[in-house]
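Comments concern the structure below.
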Amino acid sequence: MRPVVAGDEPWFQSLAADPAVVAYVGDGRPWSPQKASRRFAQGLRATNSASAGGWWVILTPSGHATTTSRAGLVTAEKDRQGALEIGIWVDPRWWGRGLAKGALRELVNTLPRRLTLVVHVDRANTRSMRLLRTAGFQESSVLPQASTGPKLIRMEMHRR
Ligand SMILES: CC(C)(COP(=O)(O)OP(=O)(O)OC[C@H]1O[C@@H](n2cnc3c(N)ncnc32)[C@H](O)[C@@H]1OP(=O)(O)O)[C@@H](O)C(=O)NCCC(=O)NCCS
1 MRPVVAGDEP WFQSLAADPA VVAYVGDGRP WSPQKASRRF AQGLRATNSA SAGGWWVILT
61 PSGHATTTSR AGLVTAEKDR QGALEIGIWV DPRWWGRGLA KGALRELVNT LPRRLTLVVH
121 VDRANTRSMR LLRTAGFQES SVLPQASTGP KLIRMEMHRR
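Residue numbers (UniProt numbering): 1 to 160.
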């Protein structure tokens, strides 16, 4: 993994516009370039700040930091309770090759200890549920539901 840089924005826009990637994120609909840009700016700020969070690009197994080596994204941003909310998006061309699992392990190992990590996930997102359970996340609560869009639960990992 490597921290995001400003030049990753067009790639992030195309990832966020992919219906398969965002099917279980937010309202489940592809993001407009404007929405993706707004979120990317927040991610870049988190990455360049001194706090524990940030956004990282998951590199393809060959690992060279070129345009084609981007396989996915890991986000970690402080929520209102001080927990670190995690998101993981992998380009569908790279699904099922252990990239998310490896990235999550790397993230957990590099973050400061004594942090609570949180993921909001749709129970129907079987890939993600399996990924999180394997990594040691446990279900903590069901989030208030909107009438449309994903039905989210909160999964947590407490680091000591
Ligand atoms: C969820 C996601 C990040 C998984 O990425 P990935 O790189 O394909 O995941 P991995 O290859 O590391 O596999 C992780 C786990 O999912 C399992 N998995 C892979 N394909 C699967 C499938 N079709 N059905 C169910 N589980 C599957 C793997 O077996 C592995 O579990 P295991 O270690 O117990 O065997 C990816 O599918 C994605 O980006 N989805 C869209 C964005 C999203 O929904 N993110 C999660 C919300 S925060």
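Beta carbons are placed, not taken as given, at the ideal position from N, Cα and C, and that holds for glycine.
Within the stretch 53 to 132, the runs of alpha helix (DSSP H) at least 4 residues long that lie entirely inside it are, in chain order, 99 to 110. A direct Cα-Cα distance of roughly 27 Å separates L143 from Q34. Within the same chain, Cβ atoms closer than 6 Å to the Cβ of S141 are found at R154, the five residues on either side in sequence being excluded.
The C-beta of S128 has 16 or more other C-beta atoms within 10 Å across all chains shown, which makes the residue buried. Considering only G102, V57, A36 and Q13, the residue with the shortest C-alpha distance to R2 is V57. DSSP, reduced to helix, strand and coil, places P33 within a helical segment of the structure shown. A distance criterion of 6 Å places the beta-carbon of R130 in contact range of ligand 1, judged by its closest non-hydrogen atom. Looking at G43, G102 and D122, the one whose alpha-carbon comes closest to that of T134 is G102. Judged by beta-carbon spacing, V118 lies beyond the 7 Å limit of E77, meaning their Cβ atoms are not closer than that value.
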